[in-house]
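To start, the structure under review is shown below, and the notes come after it.
Set out below in structure tokens:
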């Protein structure tokens with residue numbers, strides 16, 4: 138089983154006629170995802186993917202006609218904030234935004250608006266969701282996953298593929314893989330995802346993949362201590378990375394000393410998580426649990 | 003993208019923030035003219051995009067135009083942290099009574115802008131924040147409403163600013179927020195905001211950092227980029243949409259995705275090697291981009307081996323392979339290479355590279371071990 142998406146999820150693709158939108162719509166359909174509609178203003182009434190998917194001008198008309206309960210966004214960065222807001226206003230409870238390069242101030246405004254709505258945002262700048270054997274809503278290569286009991290949550294893109302691949306190669310499988318995205322301001326975070334995995338009866342172990350910067354991993358460590366009963370294997374990318382370019386004094390004052398790989402690893406280990414030294418070791422540690 | 007002090011202060015002035023009278027000069031003669039126009043004492047300030055200018059001797063007080071010319075000559079001949087000083091700002095000198103710190107930046111945990119202020123501004127502000135955190139005032143701003151007047155007054159009150167200055171301070175704080183919002187900045191900072199002996203508030207120094215993702219909608223700001231201040235290799239990388247950071251090791255890395263790039267560097271270190279760089283070719287990179295990336299890696303003479311780690315998704319392994327081959331045609335090199343290709347079109351990618359002289363690896367660990375061995379052999 139899974140969290141967030143499964144074989145009954147009805148997906149609308151925003152930006153379905155673009156190069157990436159169309160390519161990944163086909164990939165998702167091949168995987169078995171229920172793609173019920175696409176949105177492209179000005180092309181409502183047309184069909185794509187050999188007549189399999191109807192296009193609508195607006196998200197609300199797509200929802201009305203098809204009952205879509207999940208949206209995936211492939212529109213360019215300048216239009217993506219609008220696309221997220223449009224999906225939220227159409228009453229879609231789960232919005233996955235793949236688009237990268239959205240300005241931070243745009244995302245702060247979008248998040249502020251979404252906070253007052255009943256909507257979960259995944260991303261932006263993320264690879265999306267994969268529930269192996271049921272549905273993929275995103276761009277994670279489908280063949281690398283396999284149904285199983287490991288929940289995966291990650292801030293990265295291709296590093297997540299690497300880890301999913303390694304887990305599968307070791308004969309294990311995943312309940313759901315969640316790419317929450319690497320932007321400073323994003324939707325669903327580690328905490329909410331860990332909580333969903335904790336409640337999911339089919340997830341027995343959790344893999345958390347973090348990166349240097351911010352303090353999401355430190356907060357996840359607190360959550361693991363306080364709330365989580367399932368075992369966690371973690372990896373933090375960037376142990377050898379050069380220190381980030383300094384953001385004036387304000388960055389140092391606001392972020393304080395948080396954000397280095399060493400601090401994140403220390404916090405996660407103190408919370409009882411097993412921390413892998415490199416990505417392939419994640420699968421070894423999982424197998425030992 | 004960082005702006006120079008003089009650029010930041012011009013933006014501040016456009017948003018109603020008082021700044022000293024002054025102009026920028028690239029020759030000592032111009033600096034002297036500006037000093038004559040301003041009359042009286044002036045401050046000559048090196049315009050380079052690094053911190054610690056004052057401590058390096060890049061900020062000096064001149065009492066006469068002749069002295070201004072002399073100091074400008076000295077400063078224009080300096081290098082600060084490796085950057086040659088190409089311009090100086092000549093500002094009228096202020097008689098300073100006290101220094102305030104005022105900034106706005108993004109608070110990622112709260113997902114909102116935050117105003118940061120202190121009555122103890124100046125170069126030691128980080129020490130103040132560390133030793134006496136209660137002297138730093140922080141106030142979150144609703145990004146949909148912006149900084150309201152009452153909030154700016156609240157900051158003034160909490161840093162115990164004398165009431166006579168509140169009205170001007172509110173105007174400055176709101177101007178700073180407005181500049182931050184209008185320019186899509188990630189930081190707008192005044193340090194110090196001074197109270198002068200004659201009871202005026204002036205932004206003596208300014209710093210702005212802009213969100214690179216937003217520059218496409220700010221053509222005027224994008225043109226302010228000073229490429230003289232950047233390493234040529236970084237300019238080249240940006241031209242191709244590559245993210246490159248040089249390091250001091252000997253194993254060059256080319257990876258798709260920032261997280262995987264960092265993890266690749268980590269595993270090189272884990273196997274006893276040292277990465278020469280961070281390089282993310284991004285998603286969907288075509289062969290042109292890959293070729294440019296390879297040229298950039300090879301431009302570092304310290305590189306003794308190269309590791310390609312590509313996990314194909316949007317990026318196709320065959321495209322990457324073509325890029326590597328194209329680059330090898332135009333670049334003479336004997337640096338050994340290790341390639342690991344997994345994912346979309348991996349078989350085709352491997353087939354294309356079969357003729358080239360490179361090691362292949364099935365796993366990341368294997369690739370890292372081979373790269374470390376080859377680098378040691380090549381360096382010997």
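Protein chains in written order, with the numbering used here: chain A, 138 to 426; chain B, 3 to 382.
All residues carry an ideal CB built from backbone N, CA and C; glycine is no exception.
Within 10 angstroms of its Cβ, does residue i collect 16 or more other Cβ (buried), or is it exposed?
i              : result
residue 152(B) : exposed
residue 139(A) : buried
residue 139(B) : buried
residue 474(A) : Nothing about residue 474(A) can be read from this structure; chain A reaches only from 138 to 426.
residue 65(B)  : exposed
residue 191(B) : buried
residue 278(A) : buried
residue 366(A) : exposed
residue 343(A) : buried
residue 259(B) : buried
residue 134(B) : exposed
residue 322(B) : buried
residue 364(A) : exposed
residue 377(B) : buried
residue 285(A) : buried
residue 208(B) : buried
residue 320(B) : buried
residue 282(B) : buried
residue 262(A) : buried
residue 371(B) : buried
Comparing the CB of residue i with every heavy atom of the ligand ATP, is any distance shorter than 8 angstroms?
i              : result
residue 165(B) : Within the structure as shown, the ligand ATP is missing, as the structure has no ligands at all.
Is residue i helix, strand or coil when you go by DSSP?
i              : result
residue 424(A) : helix
residue 215(B) : helix
residue 88(B)  : coil
residue 211(A) : coil
residue 343(B) : strand
residue 376(A) : coil
residue 419(A) : helix
residue 79(B)  : coil
residue 147(B) : coil
residue 368(B) : helix
residue 250(A) : helix
residue 39(B)  : helix
residue 258(A) : strand
residue 1(B)   : Nothing can be reported for residue 1(B), as the shown portion of chain B is limited to 3 through 382.
residue 83(A)  : Any answer about residue 83(A) is impossible in this case: the structure gives chain A only from 138 up to 426.
residue 336(B) : coil
residue 72(B)  : helix
residue 142(B) : strand
residue 282(A) : coil
How far does the alpha helix (DSSP H) with residue i in it reach, from first residue to last?
i              : result
residue 155(B) : 151 to 160
residue 223(A) : 217 to 226
residue 233(A) : Not the alpha helix (DSSP H): residue 233(A) falls in the beta strand (DSSP E), residues 231 to 234.
residue 62(B)  : Where residue 62(B) is concerned, there is no enclosing alpha helix (DSSP H), although the beta strand (DSSP E) it sits in stretches over 61 to 64.
residue 99(B)  : That residue, residue 99(B), is in no alpha helix (DSSP H); its beta strand (DSSP E) goes 98 to 109.
residue 172(B) : 168 to 184
residue 130(B) : 127 to 133
If you follow the beta strand (DSSP E) that residue i is in, where does it begin and where does it stop?
i              : result
residue 265(A) : 265 to 268
residue 256(B) : 253 to 257
residue 226(B) : That residue, residue 226(B), is in no beta strand (DSSP E); it is neither H nor E in DSSP.
residue 117(B) : 114 to 120
residue 349(B) : No beta strand (DSSP E) contains residue 349(B), which is instead part of the alpha helix (DSSP H) from 348 to 355.
residue 187(B) : 187 to 198
residue 47(B)  : 44 to 48
I want to see whether chain D comes within less than 9 angstroms of residue i, judged by CB atoms only; does it?
i              : result
residue 103(B) : The structure shown contains no chain D; its protein chains are A and B.
**OP:** Identify each residue in the region 340 to 374 of chain B for which the Cβ-Cβ distance to at least one residue of chain A is less than 9 angstroms, and report them in chain order.
**Re:** 344, 345, 346, 365, 366, 367, 370
Subject >> Contained beta strand (DSSP E) runs [length at least 3] in the region 263 to 320 of chain B, N- to C-terminal order >> reply: 279 to 282, 307 to 314
**OP:** Could you run through the region 139 to 153 of chain B and flag, in chain order, every residue whose CB is less than 8 angstroms away from some CB of chain A?
**Re:** Within the region 139 to 153 of chain B, the qualifying residues are 140, 144, 145, 146.
Original post:
Using Cβ-Cβ distances below 8 angstroms, what residues of the region 286 to 304 of chain A are close to chain B?
Top reply: Within the region 286 to 304 of chain A, the residues whose Cβ lies closer than 8 angstroms to some Cβ of chain B are 291, 292, 293, 294, 295, 296, 297, 298, 299, 302, listed in chain order.
Subject >> beta strand (DSSP E) runs wholly inside the region 293 to 371 of chain A, at least 3 long, in chain order >> reply: 311 to 316, 342 to 348
**OP:** Identify each residue in the region 405 to 424 of chain A for which the Cβ-Cβ distance to at least one residue of chain B is less than 8 angstroms, and report them in chain order.
**Re:** 414, 415, 416, 417
Original post:
Any residues in the region 110 to 127 of chain B with a beta carbon nearer than 8 angstroms to a beta carbon of chain A? Which ones, in chain order?
Top reply: 110, 111, 113, 114, 115, 116, 118, 127
**OP:** Could you name the residues of the region 309 to 332 of chain A whose beta carbon sits closer than 8 angstroms to any beta carbon of chain B, in the order they occur along the chain?
**Re:** 319, 321, 322
**OP:** Taking only beta carbons into account, state which residues of the region 295 to 326 of chain B come closer than 7 angstroms to chain A, listed in chain order.
**Re:** Listed by position, the residues of the region 295 to 326 of chain B near chain A (Cβ gap below 7 angstroms) are 313, 315, 316.
**OP:** Could you name the residues of the region 193 to 218 of chain A whose beta carbon sits closer than 9 angstroms to any beta carbon of chain B, in the order they occur along the chain?
**Re:** 214, 215
**OP:** Within the region 138 to 185 of chain A, note down every full beta strand (DSSP E) run reaching 3 residues or more, in order along the chain.
**Re:** 147 to 151, 171 to 176
**OP:** Could you name the residues of the region 209 to 231 of chain B whose beta carbon sits closer than 8 angstroms to any beta carbon of chain A, in the order they occur along the chain?
**Re:** Among the residues of the region 209 to 231 of chain B, those with a Cβ less than 8 angstroms away from any Cβ of chain A are 209, 211, 213, 215, 216, 218, 219, in the order of the chain.
**OP:** For the region 219 to 247 of chain A, enumerate the residues whose C-beta is nearer than 7 angstroms to any C-beta of chain B, in chain order.
**Re:** 238, 239, 240, 241, 242, 245, 246
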